[in-house]
Amino acid sequence: MDTSWFVVLSAFIFCIGAAGVMSRRSPLVVLLCLELMLNAGNLALIAFSRMLGNGDGQIFALIVMVVAACEVVIGLGIIVGMFRRRLPIDVDEMSELRG
Amino acid sequence: MNVTDWGWVVLGAPLVGTLLIALGWRLLPGRSAGWLGSASIGVSFLASVGMLLELVDRPEDSRALVGTAYTYVETAGFEADLSILVDPLSVLMCLVVSGVSFLIHLYSISYMTSDQGFARFFAYLNFFVFSMLLLILAANFVLLIVGWAFVGAASYLLISFWYRRGTATAAGIKAFVINVIGDVGLVIGAFLLFEATGALDYASIFEAAPEVFVRDDGQLVAACLMILVGAFAKSAQLPLHTWLPDAMEGPTPVSALIHAATMVTAGVYLIARMHPLFELAPTAADVSAILGTATLIFAASVALAATDLKRVIAYSTMSQIGYMILGVSVGAYGAGLFHLMTHAFFKALLFMGAGSVIAAMGGLQSLDRMGGFRKAMPFTFVTFTIGALALAGFPLFSGFFSKDEILAYTIERGGMYAILGVVGYIAALMTAFYAGRMVFRVFFGAAVPEARELENGHMAHGSHANPATGEEEDTDVGFPGPEHHVAEREWPMKAAMAPLALLAVVAGVLGIPGLTETLEHFLEPTFEDSRYAEVHPSTTAEWVGLAVGGLFAILGLAAAYIYFMRDPARRVSTRERFAGVHRVLINKWYFDEIFDRSIVRPVAAFGRFGRFVVESTFVQGVLVGGTVGIVRAGTSLARSIQTGELRSYAALLLMGVSGLILYFLIVSS
């Protein structure tokens, strides 16, 4: 199978994720969409790795997964904290860092 | 032990006392802090005696010894040591300072008993003695300046000892500011000398000075005048004298110790110590002699009119120090230092007696309210009268020999100095008059209620109030204690006053012209290189001087007797006839007002100008406001991007990354 299919699919998924991050207001969904973007990146890495015939891309993908796991832990922790404090579950409401 | 070892003990004992009392005051019950403080000064005095005995054992030409603890600074070609100089001059000063200090410590144990700050008082007092001894024993300008500044700080701490009393803290600040002016003068003087000679220790400077400077060299005169600023600020000479009368706000033992017997004579010591320089710069010495004479007549005239007992004695101190300054400036070093010693005895005694009287008055200090204490306080009466007679220079008392010797010497120098000597004699007449005035007004005349109460065995307890302003006070820490103590009932006070009274009578035997002159011979090794060593007046001339001085003393006392005892009505009529003069005198020649108008107010106006014009328009408006405006304008774009909205950040990020990728794609193709 031609690598370009994988790349196109990866680009689609990335765009879906990016659109979700930009358009959705629920932090949970934003987190999910971020995950989509990361995995789109992973898909592209693995596809290119196969195309070039060495394992470098796969190692990168593994590292991205580790980072993604960390990010989810922190992100979910923040969201749970927001629930606990009964803060609005809406990223637009959280704009206290406005300059 | 050799001489300098004793010197270190002299210096170390009060330091140990200070530290023990200051750090361990919680563990010292009752009066023990006072006993500890007195003991440390007692050790210091005994070590001074040890120093004296070791020194007189040595041959006359090797009686100046330097002991070095360690080298403080050592750089290219320059060295400053932590070292002490022991010679006859410093030994004499050590003996006087530690001896009088010991007695005043003893007196304070009783006087301060009921004060809440008892231990603090003795910590300060020991610190003062340490600083004073450091100043005396220093062998170079570095240590001298350290001691000089420490003494000023100790004086400040003790003047404002009752720190909740507004007038006391104001007086302390005044004293400190004027003393710091003196410190700065001394430092600049040391710089000028260092610049020319490349050394800071006395021996090297004195050795190099005749080679580096010609006679009356401009730089040397400037250095000497700067040193004089230091000496005059410490010794309360015109025009830096205004702090001393105010310093009487401190507890009376402080007035006795610091503002009569020891610290204020530091200027005299300094000029005597620097005599090789002042002899090379006769202009500076003349300035000093003239200002000293001006002070002695000015202060004596104010003492004629002042009504506050302690201030009368304070002005008398200024006046007597004027005599000493005159003495050491015209080359009568032996006589000047002799007067320093006898003055320390009788002036400390007068203050102690005054403290006892003020306590009996329940804290009141005005002469107008006092009278008739002769029967109520016989011990104080006798000792105070001895002190006053010595101050007046009554024949055969100690002040008679010392003061009149200075004047005899001054007149012997001839020319301008003869005029100064005559002025000194006129002031001596005034001195005798106000000395008599104090005794007659306090101890004779009709007994005031407080005196009658004391005769019946009761102590007057006035209301607790500031005697200067009448403000109400409590008796907690920061204000005087509830009880008053008089010498009549407290043996430590008597034990302190009796030796001083004895010394005030007999100390004159150390300098009877033609007979003993012990002190002058003792000091000879220090001053043998003096160019005025030959000027010494003949024994006959000295006795003539003494006779004239004694005559003036008797005349002054007789006048006081007529005015205050035989014919009190004449006092009032005289005061009315010379109302203008009296007003000038009672206002201390308007010195405070002149300084207020010429220095304090312009500086305050300048400060207000700075505060309201420079600060608010230029600094706040242009500098601060302008900077803020520029930064605010420059950052408005960056601020508008920081919306705080997560989704717009994400969009910007994505757009940025997409833009970069597009750019690289276009560039690479």
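For the protein sequence lines, the chains are A and B, in the order given.
Counting the first sequence from 1 gives a position; my numbering is that position plus 222.
Counting the second sequence from 1 gives a position; my numbering is that position plus 191.
For each residue, glycine too, the CB sits at the ideal point set by N, CA and C.
Small disclaimer: the values here were computed from a predicted structure and weren't measured.
Name the residue from the options whose alpha carbon lies nearest to the alpha carbon of residue i.
i      : options                           : result
B/A463 : B/D720, B/L828, B/T731 and B/S764 : B/D720
B/T731 : B/A749, B/I753 and B/L706         : B/L706
B/F321 : B/A505, B/T259 and B/S229         : B/S229
B/T498 : B/S281, B/L540, B/G562 and B/Y261 : B/G562
B/L461 : B/M417, B/Q511 and B/P401         : B/M417
B/A361 : B/A413, B/D437 and B/I300         : B/D437
B/M621 : B/L377, B/A366, B/A496 and B/L435 : B/A496
A/S315 : B/L856, B/V677, B/F855 and B/L837 : First, the amino acid is wrong: residue 315 of chain A is Glu here, not Ser. Among B/L856, B/V677, B/F855 and B/L837, the Cα nearest to that of A/E315 belongs to B/L837.
B/G672 : B/G241, B/R249, B/S223 and B/S299 : B/S299
B/R722 : B/V375, B/S520 and B/L243         : B/S520
B/G377 : B/I350, B/D392, B/W353 and B/F332 : Contrary to the premise, residue 377 of chain B reads as Leu rather than Gly in this sequence. Answer by Cα proximity: B/F332.
B/I295 : B/T484, B/T266, B/R254 and B/S231 : B/S231
B/L448 : B/L349, B/R565 and B/D559         : B/L349
B/G258 : B/L243, B/V247 and B/S274         : B/S274
B/A583 : B/A491, B/E664, B/A609 and B/K566 : B/A491
B/M509 : B/P442, B/L431 and B/P467         : B/L431
B/C285 : B/A642, B/T443 and B/L326         : B/L326
Have a look at the DSSP bridge pairing and note the partners of residue i.
i      : result
B/G258 : B/I275
B/T266 : B/F269
B/N331 : B/D392
B/A656 : B/E663
B/D499 : B/S557
Does the beta carbon of residue i sit closer than 8 Å to a beta carbon anywhere in chain A?
i      : result
B/L851 : no
B/A824 : no
B/L845 : yes
B/E806 : no
B/G835 : yes
B/R838 : yes
B/A841 : yes
Along the chain, where does the alpha helix (DSSP H) containing residue i start, and where does it finish?
i      : result
B/W216 : That residue, B/W216, is in no alpha helix (DSSP H); it is neither H nor E in DSSP.
B/Q410 : G409 to S426
A/N261 : P249 to L274
B/P467 : H466 to L471
B/D720 : Segment: none, B/D720 is in no alpha helix (DSSP H) and carries neither H nor E.
B/K594 : S589 to R604
B/A551 : Y524 to A551
A/V313 : Here A/V313 belongs to no alpha helix (DSSP H), and DSSP marks it neither H nor E.
B/Y840 : L837 to S859
B/S229 : S223 to D248
B/A875 : Given a span of 192 to 860 for chain B in the structure shown, any question on residue 875 of chain B remains unanswerable.
B/S351 : Unbroken run through B/S351: none, as it is neither H nor E.
B/P183 : Here chain B comprises residues numbered 192 to 860, so residue 183 of chain B is not present and cannot be evaluated.
A/I281 : D278 to R306
B/G820 : G817 to G825
A/G242 : T225 to S245
B/Y608 : M607 to F634
B/S729 : From DSSP, B/S729 is part of no alpha helix (DSSP H); its letter is neither H nor E.
B/M684 : W682 to V697
B/H773 : A770 to I777
With 8 Å set as the bound, which would you pick, yes or no: does the beta-carbon of residue i sit closer than that to a beta-carbon of chain B?
i      : result
A/M244 : yes
A/L260 : no
A/M287 : no
A/S317 : yes
A/R320 : yes
A/V313 : yes
A/A269 : no
A/A240 : yes
Please look up how many angstroms separate the CB atoms of residue i and residue j, rounded, as I've assumed it's under 8 Å.
i      : j      : result
A/E257 : A/A290 : 6 Å
B/V181 : B/L776 : The question about residue 181 of chain B has no answer, for chain B in this structure spans 192 to 860.
B/A695 : B/F588 : 7 Å
B/G553 : B/H675 : 6 Å
B/V459 : B/I516 : 6 Å
B/V264 : B/E270 : 7 Å
B/L384 : B/A424 : Not quite, the Cβ-Cβ distance comes to about 18 Å (not below 8 Å), so this is no contact.
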